[in-house]
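See structure below.
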Amino acid sequence: MALIEVRINKEVRDYQESLFFGLSLRQFLFALLAVLVAVAVYFGLHSVVGSEEIGWICVLAAFPFALCGFVTYNGMTFERFLLAVIRSELLYPKKLVFRAENLYAKFLDHSTIREALRLD
Numbered sequence: 000m001a002l003i004e005v006r007i008n009k010e011v012r013d014y015q016e017s018l019f020f021g022l023s024l025r026q027f028l029f030a031l032l033a034v035l036v037a038v039a040v041y042f043g044l045h046s047v048v049g050s051e052e053i054g055w056i057c058v059l060a061a062f063p064f065a066l067c068g069f070v071t072y073n074g075m076t077f078e079r080f081l082l083a084v085i086r087s088e089l090l091y092p093k094k095l096v097f098r099a100e101n102l103y104a105k106f107l108d109h110s111t112i113r114e115a116l117r118l119d
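Structural data, given as structure tokens:
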């Protein structure tokens with residue numbers, strides 16, 4: 000009798016189906032977009048900038064698009080994380096103030112025990 004072993008991720012939600020070259024569809028599309036941006040920058044600036052500088056400019060222009068495809072933070076994709084940061088920091092800024100509240104004294108305000116304890 001042969002034993003069959005099936006590998007299962009420790010966390011089932013972490014499973015990603017790979018479609019192209021071991022990448023998920025999302026990662027592949029963003030990698031393709033990064034390559035297209037780098038090619039467009041190269042052909043747009045190759046007559047203006049030297050060959051060494053154009054390489055660095057292409058890498059810097061393609062980096063944000065490649066980053067979007069591969070970065071996740073707390074289960075959020077890069078766009079969802081960026082939207083959450085914009086919402087929490089820019090659109091809905093809140094100044095959180097802690098105010099202590101003495102519930103015991105609040106309940107004693109309407110009680111006859113207050114006079115006996117002389118809390119004032």
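Residue 63 in numbering that gives the first Met the number 0 is what sits at position 64 of the sequence shown, and the numbering runs on without skipping anything. Heads up, the beta-carbon is just placed ideally off N, CA and C, and yes, glycines get one too. Model, not experiment: these values are computed from the prediction.
- By the neighbour-count criterion, in which 16 or more other beta carbons inside 10 Å mark a residue as buried, Ile53 falls on the buried side.
- Between Ser46 and Val34, the alpha-carbon positions lie close to 19 Å from each other.
- Taking C-beta separations shorter than 8 Å and ignoring five residues to either side along the sequence, the partners of Val48 in its chain run Ile56, following chain order.
- Beta-bridge partners assigned by DSSP to Tyr72: Met75.
- Per DSSP, Ala37 is one residue of the alpha helix (DSSP H) stretching across 24 to 44.
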